[in-house]
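Protein chains in written order, with this note's numbering: chain A, -13 to 313; chain B, 36 to 328. To keep things clear, I will list the structure first and then write my remarks on it.
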Amino acid sequence: MIARVAGAPGRSALWLSLIAIAAGLLLPHVVFIGLATDIVIWALFAAAFDLLLGYAGLLSFGHAMFFGGASYVAGLLILRSHWSFIPAVLTAVASAALLAAVVGLVSIRRQGIYFAMITLAFGQMMYFLANQLGDLTGGQDGLQNVPRPALLGSIRLDDDRVLYYLTLALAVIAIACMLRVVNSPFGRVLGAIRENEQRATSLGYRTNVYKFVAFVISAAVSGLAGALFVIAHRFTSLDTLDWHTSGEVVIMTVLGDMGTIFGPLFGAPFYLIINDKLSTLTTSPGLVLGIIFIIVVSVFRRGIVGEVLRMLQRLKTEPAQRPLAQH
Amino acid sequence: MELSYLALQIFNGLVSGAYYALLSLGLAIIFGMMRIVNFAHGAMYMLGAFGAYLAAKYVGLPFWWALVLAPLAVGALGMLFERSLIRRLMRLDPLYNLLLTFGLALVIEDFMKLFFGTQGTPYAIPASLTGMVNLGITGYPVYRLVVIAISTLVCLIVWIAIEKTPLGAKIRAATENPSLTQAFGIDVSLLTTLVFGFGVALAALAGVLNAPTTNVTPSMGSDIIITTFAVVVIGGMGSIKGSILTGFIVGIVAALGAVLYPPIANTLIFLLMALILLVRPSGLFGATESGAR
């Protein structure tokens, strides 16, 4: 998309990581464990989404297909085939990546609103498919009573706290890997493509390949979040594949500040908590989501982290030294 | 397969095509002028249907009046949204307006759900249009033929208006180069608002036409909008004519596909979209990449 902070620079990145990890460790003491696990899962999903939106400049409106798709794969493997944690999660992640490879193959050549519409349509197709294959997916009922899988040998994940810290550890590792990716030469090329694709092409980069790889990585990490979701909740349903879910991850990312990976880590809990509070006022989740969307897009486009970083910067800079051309 | 059955399915396809054509035509006009994709288009379609239903219920407004008045009302609402919300984001990346109208769509749909629930209510076919007509190979409901006729007629009029009239010339000029058009003394800002209002009025018209053939529900808009986006991708958002033709073509292909292999009915349009993207990435009637990415 357009103007954004040019990535969280070195020092603030270090601080933000420490804050994020500390917040993650403290979270179960502040909110109840189920919400804490949800926050980590959605933060991971939103960070994965930001890799695509903030760095490659591609707005996918169908990311629910990777999240929900992986939740079904992991859920089925655990429920029907009694797989343990690691192989089930790995297979779910691989299948999300594979799905992204197929979808990416046909859609990556288009950009902007076209890419958004195409991914939305494919997402909806997966929703219809899951609904239609009722024998496998349980149709409208979804997958119920998915047992917590064994982690290693006889160690099970029935304790919510154990699962929480495992989820947190996996999220930290996945996000560290994504940060490594966006700060690598590969990430720089992605940034160049986002700013000016024609120029990147004329410099000799095969831009579609870069975007394709970013799409697959983003989908794989979204798949990890989806697999953790079904394990944490012990069920999954068509809601995880619904386009509202795709919309939710978009708004968490924009709310947090896209193009930072860190922003969504704060945008996700912020959204989940507002949603949690507002849901007590009204029974319709779409009304809440829609109003948040309109407000954020109209007046709050820089997101929370963006605003805070900018305020800090302003505090550091003496008024006289402030650069003239501030956006 | 019997010929009459096949003919029946082709007519059914034309009816779905009639809705797709009106919806994608509206999207194309708005896109042409403003370079934005109106996600709330489905919600406007739903409001059109509700407008007809509510007007009939409370003031006994006949169908033919609803056909004119509901789109006018929804068009006015659209212009209000354009002036108050969409306009503010026009200078930014068009994706922001996609997100904004997505939010609008959610709010409108759930707002209607608060009042009308999710079940939906039937809207009677006008008495003069009930019954069947014998077409030789097959019988077909009169009302559905009227839907095809009205949609075709409106699409034709809009196409001619844009291609052949002075007003259309102004719109095309403003599409090509807004600032130069403004310099010629044409109020581009007003024109933009009117075009947006007209585009959503077309969606509302499709909604009114659809109302008697189905239950009027708050979710009817979100059900059709994603399919319409697929239609738009198949056609490419380059041309007015293309969006109309694609609407009808996709309607027929989807209906025939569902005959050949029923389980595929829901997903066929999306598969068709994938196929087109592989063979012709810019769509059937799409302009080059530079025109509409």
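Here a beta-carbon is modelled for each residue, glycine too, at the ideal position from N, C-alpha and C. These figures come from a predicted structure and were not determined experimentally.
| Check | Outcome |
| --- | --- |
| Three-way DSSP call (helix, strand, coil) for B/Arg315 in this model | coil |
| Contact under 8 Å by Cβ, B/Met79 with B/Ala238 | yes |
| Under 8 Å between C-beta atoms of A/Val59 and A/Ala78 | yes |
| Proximal residues of chain A, C-beta to C-beta of B/Tyr54 below 9 Å | Ordered by position in chain A, no residue passes the 9 Å Cβ test against B/Tyr54, which lies about 17 Å from the chain. |
| Below-8 Å beta-carbon distance, A/Leu275 vs any chain E residue | This model lacks chain E altogether, as its protein chains are A and B. |
| Coarse secondary structure for B/Ala75, derived from DSSP in three states | coil |
| Endpoints, beta strand (DSSP E) assigned at B/Pro176 | Gly174 to Pro176 |
| Continuous beta strand (DSSP E) stretch holding B/Met167: start and end | Met167 to Asn169 |
| Chain B contacts made by the region 103 to 120 of chain A, where a contact means CB separation under 7 Å | Met103, Ile104, Leu106, Ala107, Phe108, Gln110, Met111, Phe114, Leu115 and Gln118 |
| Where the alpha helix (DSSP H) containing A/Leu84 begins and where it ends | Phe71 to Ser93 |
| Local conformation of A/Arg96 per DSSP, three classes | coil |
| CB of A/Val282 within 8 Å of CB of A/Val216, strictly | no |
| The region 241 to 271 of chain B: positions lying closer than 7 Å to chain A by Cβ | Ile261, Phe264, Ala265, Val267 and Val268 |
| Contact with chain B by A/Gly233, beta-carbon distance below 8 Å | yes |
| Cβ pair count under 8 Å reaching 3, the region 203 to 217 of chain A against the region 15 to 31 of chain A | yes |
| Residues near B/Arg118 in its chain [Cβ-Cβ closer than 7 Å; skip 5 each side] | Thr228 |
| Local conformation of A/Asp141 per DSSP, three classes | In the sequence under discussion, the amino acid at residue 141 of chain A is Ile, which differs from the Asp named in the question. Three-state result, A/Ile141: strand. |
| contact_flag[the region 279 to 288 of chain B, the region 96 to 112 of chain B] where n(CB pairs < 8 Å) is 3 or more | no |
| Every unbroken beta strand (DSSP E) within the region 101 to 172 of chain A, with a cutoff of 3 residues, ordered by chain | 136 to 138 |
| Residue-chain proximity (B/Phe137, chain A), Cβ-Cβ < 8 Å | yes |
| Cβ contact (3+ pairs, closer than 8 Å) linking the region 244 to 254 of chain B and the region 126 to 142 of chain B | no |
| Check whether B/Met292 and B/Leu310 have beta carbons under 8 Å apart | According to the sequence shown, residue 292 of chain B is Gly rather than Met. No; because the gap between Cβ atoms is not below 8 Å, this pair is not in contact. |
| Cutoff 7 Å; reference A/Gly125; Cβ partners in own chain excluding five residues on either side | Asn117 |
| Same chain, Cβ closer than 6 Å to B/Ala300, neighbours up to 5 away in sequence not counted | Ala293 |
| Residue-level contact to chain A via CB, B/Gly326, 8 Å cutoff | Unreliable placement is indicated for B/Gly326, whose pLDDT of 41 sits below 50; the coordinate value is still reported in the next sentence. It does not; no Cβ of chain A falls within 8 Å. |
| CB contact check: B/Glu117 to chain A, cutoff 8 Å | no |
| Given 8 Å, three or more beta-carbon pairs between the region 160 to 180 of chain B and the region 41 to 50 of chain B | yes |
| Short-range partners of chain B found in the region 178 to 211 of chain A, where Cβ spacing is below 7 Å | none |
| Cα-Cα separation between A/Gly120 and A/Arg66, rounded to whole angstroms | 15 Å |
| Distance, B/Glu211 Cα to B/Leu107 Cα | 27 Å |
| Boundaries (first-last residue) of the alpha helix (DSSP H) holding B/Asn245 | Val223 to Asn245 |
| Integer Cβ distance of B/Ala246 from B/Ala84, believed to fall under 8 Å | 4 Å |
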